[in-house]
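Protein chains in written order, with the working numbering: chain A, 70 to 452; chain B, 70 to 452; chain C, 70 to 452; chain D, 70 to 452. Idealized CB from N, CA, C, for every residue including glycine. Fair warning: this is a prediction, and the values are worked out from it, not measured in the lab. Accompanying notes for the structure given below.
4 protein chains.
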Amino acid sequence: MSTTDADQMPINVGQVEGGSVTFPAWAADTEKPKGQPRNPDPVHDRIGFAVLSLGRLSLEEILPALAQCKHARLTALVSGTPEKLAAVGAQYGVSAEHLYSYDDFDRIADDPDVQIVYVVAPNALHEGFVRRAAAAGKHVLCEKPMAVDVASAQAIIEACEAAGRLLMIAYRSRFQPHMREAIRIAQSGELGQIKLINALNLQNQGDPAQWRHDHTLAGGGSLPDVGLYCLTIARAIAGEEPMGVSALITSPADDRRFDSVEDQVSFTLRFPSGPVATCVTGYDAHKLSRLIISLQHGWIELENAFDYVGQRMRVARRVGDREQISEIVIKEENQFMLEMDEFAVWIRDGSGPSASGREGLQDHRVMEAIYKAAREQKTVSLT
Amino acid sequence: MSTTDADQMPINVGQVEGGSVTFPAWAADTEKPKGQPRNPDPVHDRIGFAVLSLGRLSLEEILPALAQCKHARLTALVSGTPEKLAAVGAQYGVSAEHLYSYDDFDRIADDPDVQIVYVVAPNALHEGFVRRAAAAGKHVLCEKPMAVDVASAQAIIEACEAAGRLLMIAYRSRFQPHMREAIRIAQSGELGQIKLINALNLQNQGDPAQWRHDHTLAGGGSLPDVGLYCLTIARAIAGEEPMGVSALITSPADDRRFDSVEDQVSFTLRFPSGPVATCVTGYDAHKLSRLIISLQHGWIELENAFDYVGQRMRVARRVGDREQISEIVIKEENQFMLEMDEFAVWIRDGSGPSASGREGLQDHRVMEAIYKAAREQKTVSLT
Amino acid sequence: MSTTDADQMPINVGQVEGGSVTFPAWAADTEKPKGQPRNPDPVHDRIGFAVLSLGRLSLEEILPALAQCKHARLTALVSGTPEKLAAVGAQYGVSAEHLYSYDDFDRIADDPDVQIVYVVAPNALHEGFVRRAAAAGKHVLCEKPMAVDVASAQAIIEACEAAGRLLMIAYRSRFQPHMREAIRIAQSGELGQIKLINALNLQNQGDPAQWRHDHTLAGGGSLPDVGLYCLTIARAIAGEEPMGVSALITSPADDRRFDSVEDQVSFTLRFPSGPVATCVTGYDAHKLSRLIISLQHGWIELENAFDYVGQRMRVARRVGDREQISEIVIKEENQFMLEMDEFAVWIRDGSGPSASGREGLQDHRVMEAIYKAAREQKTVSLT
Amino acid sequence: MSTTDADQMPINVGQVEGGSVTFPAWAADTEKPKGQPRNPDPVHDRIGFAVLSLGRLSLEEILPALAQCKHARLTALVSGTPEKLAAVGAQYGVSAEHLYSYDDFDRIADDPDVQIVYVVAPNALHEGFVRRAAAAGKHVLCEKPMAVDVASAQAIIEACEAAGRLLMIAYRSRFQPHMREAIRIAQSGELGQIKLINALNLQNQGDPAQWRHDHTLAGGGSLPDVGLYCLTIARAIAGEEPMGVSALITSPADDRRFDSVEDQVSFTLRFPSGPVATCVTGYDAHKLSRLIISLQHGWIELENAFDYVGQRMRVARRVGDREQISEIVIKEENQFMLEMDEFAVWIRDGSGPSASGREGLQDHRVMEAIYKAAREQKTVSLT
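Printed below as a string of structure tokens:
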């Protein structure tokens, strides 16, 4: 068969319209629809991101995720370490004029390829970098926790508002497809009212010298780091604000990891319309990340709920005269990709963010109440 | 082949010794050992049980379980409903002289076939029936919760001690094979220290007129009924007594089921050597029964943890450079059978009970503290 | 609270009617219905079983199962080993006049407490014992495989017909609740037509001296023992008879276990209306028992499909725009209990058997074709 | 905290060496090692790929996968549809001088940015395009099935050899991490010898007009398309070549999808050292993709074995006196990325391919034997 005749063959070449390619379905109707190719925006139409600080999170997750975005692309890097800046620039094809040190970062104001600065640095530095990015006229995606305390979170919001720039908090789990479906089902009423949100997120930290164990830099221990996911997701599921909180904090004695930050935090939130959230986070336990939502007529479980990958969702309910526990098969998608793409779309279309600065501020308020409740051993009111 | 020659054939007929039959293994060494036949004691050597009250639990679970016991057998029935007594007596082959009404129950003192009375009646009646059974010279297996408050639990213990009779509380989950293995692994140290015991036990009650929704008869709502399993198992796993407790009780308004008893109880226990237990029970949620134990180097999960059947255990840990989540396959065994057989062996051999009256009393003490902590919205000390 | 007043309390005592006790539902409508107590027939109304031969299967499975029956009970034992007969008689309360040796077994004709003889002895002895049981006027439940070849299977059927006695084959998997539901769904059409039945049943045998490795006694190796379940269930699922079969038999050289019987058998059945069954059985592999049914619009999987316990069923299909894999939670029930109870009901009500002698005979015919196909290395027609 | 001082803080900035960045572990030793960032090669050092034909597979899988490669990058596109070429070129940033039609494809000889042509077009066109790519001096990655018959497969190999160019077949499942681990365990001997490889790969096709249902273009139906994975993986697991094959082909009548190609193929392979493979593929069944390997001392199961994503691996074996079924948690990685990166490394380092043209040719030989065995209804020898 002549290959030059290939385009005369009865092969479906798909449709091209508005720069996108689509194809008819190849599978029978009995199968899950396969959807269409991703069709990324033309490279130069995508929103440009500068990634600020080149630690593990940036190199392992954020930079690879940008390569999967449809609406966003990497256009600049910012780091305090020159050799790293050069190496990573080469790896990702960012040319020298888009590489910034912390000192000359403010020059980014003149870089037309950068619309958003993704601030990834240690928690205590967020406020300073957000101020500088906003002052440079850039929108800001700020890693979680957005700050080290309520006052700093408030200052971050005000800085962006003053500069007229958009602010989003990188609560990646809020973009995770299984999580979104879990929240949708829980709020749909199809399983009755939500009774309990049980969220666990624990991990086992090694080196006590890492910055996450320095209260000055981290603002706290397991709570603002991994426990924050339990909190922010519990609020997202309940769809309302907690009215009271109790908490218990326990840290092993004589463990250098916990000289300045806490190990394990158990906290209970009471929501106005009825739901209760029981959450536990910790820094001295084997990796465990689980969400269970108990409702009147069923339950929803998410394994590896707050992890980068590996989510698995089961929903239990009565079907006919039998109990049925269904795994809902959802394709995993990179959470960082989704959040960066959403920010890009927000800039273009004005479709509000799933994780605003207000969400981040409210989480800091609740975390302060958690610390207070643990200290005073009594329920703290949040109303 | 002549069937009369069958016993001359090269068929392994097993070993008979001391009334028990055993066989050599038929499977290769690569397979899980199959063990030996159950070899029940000769019928007339088994310890005789009277089952007191013929409600759902007795008919659905306890009487069928007795038929599976090796060391125990059903020898008498006690009920306040004559037709039921006659019908069930016929079903299980208990002859008329071993059928007792509540009025003439004390005659059981003269029934030599009864060694143990299994008191199954509503909670508020436990104390009275235990007193009468002990006074009649019988040992007592008392359903959980053993009483409606601490004082009554104490009285039950004292009545049995005064009569010189043994007392056991029917905490069936403490006998469940998966649960026993979970406790064994947790306490073995092979996964490091226990950090968190997360126990959920919820169900959705129907008819508000049933006795479990009458505080006078039940002594409480979900807590003493199904939440008690979370509590008693948390104590069993920790292997020590909680030093403090906080709690939150929430009940929907305008729901007749919760006119006199509580719906949902979340409580947190702090144990002296470090572990924390976060437990939730409720009466207005779809069936959910789950135990997760988080340790420093792994986690253990038990699905359907507190149910009659359906337990499934997974253990996660690092193996080599990979995370491994292992299902440990354990044959289910009837929990009621195991607890009744253990009591029978206790009488014979003096090997102490897995669930003494002291355990039941301590659970009542903690439940009182839970109610208090919820009322006062602060941590209650148990030391 | 006075315990003598207990029957005046507002406790629902249930309904007693026709010797059965029933209760109102206690759970909400959102929960799987709990059903009613088992309400066994009065002991002396139950159909009496004699169990013939006291090997592992009888002691580990059949005798305990009889204790769980509603319509059947153990009334006699038959064994070639006097000590075993005495020991087991004591264990199960069978008095001396109902204990039979192989020699005096024919006396059972005069035992009015025995209606059914359950023939459990090695395969080659089935025919002889069935003939004697039928001649004694007893109905027969015959272990699988019913015989060692087609001729003997035919003879067994004729002997029972001649004596006017009922014959059932102990195909326990045909009674297993998950299996019944899998067959029901597969045949309902709700997932389209059946395309493939993939049945695996392998185990690893130890001692080469056991009778199952002696062709004279067993009639074959893995095929008539454990592979028979794949075959009989494939036929049950298809609901029609195979029209052709191909097969491959492989046995390791120099392994005494396979001196006279085969190890592994792979066979493929073609059914007239379209389905294909691919089955594998073996005697030198780690325990594996699995059934997968592939249909046009979904699939059904049964883990531990042919085992005594541990069945787990999942059903996959498209639901909305998602793939859903549902575990259907079904309470396990003892398969031997179900088959013995069904036989008892058959005798009383004439409701035909789920596993007749005709089923057993047809399986022997297909097994002969499997052996032939393997020998000749070509497809053998069964029409 | 001043952000300009950020690089003076006690934050571990990692190591930079040879253009790569590495970090110390942050987690405790009890946790699975997290590894290091991916550190892609500098963009311009990566091997350049031209992707030939822009159908679903290229747009949905291959082009996104290239964006995740460490050693490869997209440098050119080839298509018979000009609008599609322009649209996709813009989406992926391929400039006009690297966009080729089928007519002017031979110009690629002069494109220094292209080292490898990935031939993705319909099966019948592979040979022609491979010849042209090799003649243009490019290495070739050829989609599976590599050809439509043995002769064409042979011609492809010879064309590449004559041109002195490397040839690899895109057997993505051979690169899938779970699959590699399954093969490793199976061959390691730790579970004894392999007894059975049971591989199922079925899907439900829609539109009968698509080219895969045209024998001229596809060379066959389900077998060369999705059944080929069962075959090539069975050979990879066995680690030797099959000596005999039997097969059954069934296709529904009056179904236009099967006018020229087959629906369902069941085939059985016998390997010299003992293992048997039973494989089923089909085009009229709900998506099912499963691999079960049965060994003497354990079994290995891979769910979604041949899919793009969703692999889940369980391994069963005896551990102590218990059966243990372990999920081995392995991070999913894009199979296309892995295969393209491997080819890039092959070019640089000469480390041979996991899927050579010889593998593809041997699979075509076995497929011809499968078709013959089905036609003749007997075992076909392959030795």
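Worksheet item: Any beta-carbon of chain D closer than 9 Å to the one on A/Ile80?
Response: If you number the first sequence from 1, residue 80 of chain A lands on position 11. Chain D, which has a Cβ nearer than 9 Å to the Cβ of A/Ile80, makes this yes.
>> Please state the DSSP three-state secondary structure of C/Asp179.
In response: Walking along the third sequence from the start, residue 179 of chain C turns up at place 110. C/Asp179: helix per DSSP, three-state reduction.
For chain B, is any of its Cβ atoms less than 9 Å away from the one on C/Phe340? The residue you call residue 340 of chain C lines up with position 271 of the third sequence. Answer no: the Cβ-Cβ gap between C/Phe340 and chain B never drops below 9 Å.
Note to self: Here's the rule I'm using: 16 or more other beta-carbon atoms within 10 Å means buried, otherwise exposed. How should D/Gly296 be labelled?
What the structure shows: As a first step, residue 296 of chain D is located in the fourth sequence; it is residue number 227 there, counting from the start. The residue in question, D/Gly296, is buried, as its Cβ has 16 or more Cβ neighbours within 10 Å.
(message) Contact criterion: CB-CB distance below 9 Å. Does B/Ala96 meet it with respect to chain G?
(response) In the structure shown, chain G cannot be found, because the protein chains are A, B, C and D.
Could you tell me whether the segment 379–392 of chain C touches the segment 298–310 of chain C, where touching means 3 or more Cβ pairs closer than 8 Å?
Touching, no, given that fewer than three Cβ pairs across the two stretches are closer than 8 Å.
Notebook entry, point to check: Quick one, are the C-beta atoms of D/Thr144 and D/Gly117 less than 9 Å apart?
Noted result: Start at 1 with the first residue of the fourth sequence, and residue 144 of chain D comes out as number 75. Start at 1 with the first residue of the fourth sequence, and residue 117 of chain D comes out as number 48. In this structure, D/Gly117 lies closer than 9 Å to D/Thr144 by Cβ.
Taking just the CA atoms, how far does A/Tyr298 sit from C/Tyr298? As a first step, residue 298 of chain C is located in the third sequence; it is residue number 229 there, counting from the start. As a first step, residue 298 of chain A is located in the first sequence; it is residue number 229 there, counting from the start. In a straight line, the C-alpha of C/Tyr298 is about 50 Å away from that of A/Tyr298.
Quick check on the burial criterion: 16 or more other C-beta atoms within 10 angstroms. Buried or exposed for A/Gly343? Position 274 of the first sequence, counted from the start, is the residue given in the question as residue 343 of chain A. With 16 or more Cβ atoms within 10 Å of its Cβ, A/Gly343 is classed as buried.
Tell me the rounded alpha-carbon separation between D/Leu154 and D/Asp114.
As a working mapping, residue 154 of chain D is identified with position 85 in the fourth sequence. As a working mapping, residue 114 of chain D is identified with position 45 in the fourth sequence. Those two C-alpha atoms are separated by around 25 Å.
Item to complete: With a 10 Å radius around its C-beta and 16 neighbouring C-beta atoms as the bar for buried, classify A/Val217 as buried or exposed.
Response: The residue you call residue 217 of chain A lines up with position 148 of the first sequence. Result: buried.
With a floor of 3 residues, list each beta strand (DSSP E) that falls wholly inside the segment 304–352 of chain A, ordered by position along the chain. 313–319, 333–339, 345–351
Is there a Cβ from chain B that is less than 9 Å from the Cβ of A/Ala354? What you label residue 354 of chain A is simply residue 285 of the first sequence in a count that begins at 1. Cβ-Cβ to chain B under 9 Å: yes for A/Ala354.
* CA-CA distance, B/Asn37 and A/Arg391? -> Since the first residue shown for chain B is 70 and the last is 452, residue 37 of chain B is missing from the structure and cannot be characterised.
Problem set entry | Beta-carbon contacts of D/Ile177 that lie in its chain and below 8 Å, excluding the five residues immediately before and after | Stepping through the fourth sequence from its first residue, residue 177 of chain D is reached at position 108. Cβ contact annotation for D/Ile177 (same chain, cutoff 8 Å, sequence separation greater than five): Ala119, Ala145, Val147, Tyr169, Val183, Val186, Ala202, Ala205, Lys207, in chain order.
C-alpha distance - C/Gly261 paired with C/Glu250, whole-angstrom precision: Counted from its first residue, the third sequence places residue 261 of chain C at position 192. Counted from its first residue, the third sequence places residue 250 of chain C at position 181. One C-alpha to the other measures close to 16 Å.
key: Contact under 9 Å by Cβ, B/Met436 with B/Leu300   = Locating residue 436 of chain B in the second sequence gives position 367, counting from the first residue. Locating residue 300 of chain B in the second sequence gives position 231, counting from the first residue. It is a contact, given that the beta carbons lie within the stated cut-off.
The segment 351–375 of chain D: positions lying closer than 9 Å to chain C by Cβ
Gly351, Asp353, Ala354, His355, Lys356, Leu357, Arg359, Ile361, Ser363, Leu364, Gln365, His366, Gly367, Trp368, Glu370
Using a Cβ-Cβ distance under 9 Å, would B/Lys441 count as near chain A? Here residue 441 of chain B is taken as the residue at index 372 of the second sequence, counted from 1. Output row for B/Lys441: interface = no.
*Examine chain B for any beta-carbon lying closer than 9 Å to the beta-carbon of C/Tyr473, and answer yes or no.*
Outside the shown range of chain C (70 to 452) lies residue 473 of chain C, about which nothing can therefore be said.
query: Is any beta-carbon of chain C found at less than 9 Å from that of D/Arg387?
result: Your numbering for residue 387 of chain D matches position 318 in the fourth sequence. Yes, because at least one Cβ of chain C sits closer than 9 Å to the Cβ of D/Arg387.
Which listed residue (D/Ala141, D/Glu100, D/Val157, D/Val112) has its alpha carbon closest to that of A/Asp110 = Here residue 110 of chain A corresponds to residue number 41 of the first sequence, with the count starting at 1. Selected option, being the one with the closest Cα: D/Val157.
ask   = For chain A, is any of its Cβ atoms less than 9 Å away from the one on D/Phe198?
value = As a position in the fourth sequence, residue 198 of chain D is number 129, starting the count at 1. Closer than 9 Å to some Cβ of chain A, the Cβ of D/Phe198 qualifies, so yes.
### Query
So with Cβ pairs under 9 Å, would you call B/Thr452 a contact of chain A?
Stepping through the second sequence from its first residue, residue 452 of chain B is reached at position 383. B/Thr452 does not count as touching chain A.
*Check each candidate in A/Val345, A/His284, A/Pro181 and name the one with the smallest Cα separation from A/Pro191.*
The residue you call residue 191 of chain A lines up with position 122 of the first sequence. The shortest C-alpha separation from A/Pro191 is found at A/His284.
- Taking all protein chains shown into account, decide if A/Thr452 is buried (16 or more other Cβ within 10 angstroms of its Cβ) or exposed. As a first step, residue 452 of chain A is located in the first sequence; it is residue number 383 there, counting from the start. Burial call: exposed.
Per-residue DSSP class, three states only, for B/Leu451: Taking the second sequence and counting its residues from 1, one reaches residue 451 of chain B at position 382. Here B/Leu451 sits in coil by DSSP.
Out of curiosity, what's the CA-to-CA distance linking D/Met215 and D/Ala287? The count along the fourth sequence starts at 1 and reaches residue 215 of chain D at position 146. The count along the fourth sequence starts at 1 and reaches residue 287 of chain D at position 218. If you draw a straight line from the Cα of D/Met215 to the Cα of D/Ala287, it comes to about 11 Å.
Whose C-beta lies closer than 7 Å to the C-beta of D/Phe405 among residues of the same chain, with five residues either side of it excluded?
Here residue 405 of chain D corresponds to residue number 336 of the fourth sequence, with the count starting at 1. The residues are Glu130, Ile131, Ala134, Arg241.
Requested in this report: Could you name the residues of the segment 237–250 of chain D whose beta carbon sits closer than 7 Å to any beta carbon of chain C, in the order they occur along the chain?
Outcome: none
Exercise for the section: Output yes if chain D places a C-beta closer than 9 Å to the C-beta of B/Gly258; else output no. Expected result: Here the question's residue 258 of chain B lines up with position 189 in the second sequence. Closer than 9 Å: no.
Give me, in chain order, the residues of the same chain whose beta-carbon lies closer than 7 Å to that of B/Ile397; leave out the 5 immediate sequence neighbours on both sides.
As a working note, residue 397 of chain B is residue 328 in the second sequence. Exclusion of the five residues before and after B/Ile397 leaves Glu250, Met382, Val384 as the residues of its chain whose Cβ lies within less than 7 Å of its Cβ.
Determine, for D/Gly296, whether the minimum Cβ-Cβ distance to residues of chain C falls below 9 Å. Within the fourth sequence, residue 296 of chain D is the residue found at index 227, counting from 1. No - not a single Cβ of chain C is within 9 Å of the one on D/Gly296.
Practice prompt. Could you tell me if B/Lys264 is buried or exposed, where buried requires 16 or more neighbouring beta carbons within 10 angstroms of its beta carbon?
Written response: The residue given as residue 264 of chain B occupies position 195 in the second sequence. B/Lys264 is buried by the Cβ-count criterion.
C-beta neighbour in chain D for C/Glu392, strict 9 Å: Against the third sequence, residue 392 of chain C aligns to sequence position 323. Judged by the 9 Å Cβ criterion, C/Glu392 is in contact with chain D.
7 Å Cβ shell around C/Thr319 - same chain, five flanking residues per side excluded: As a first step, residue 319 of chain C is located in the third sequence; it is residue number 250 there, counting from the start. Answer for C/Thr319: Asp332, Gln333, listed in chain order.
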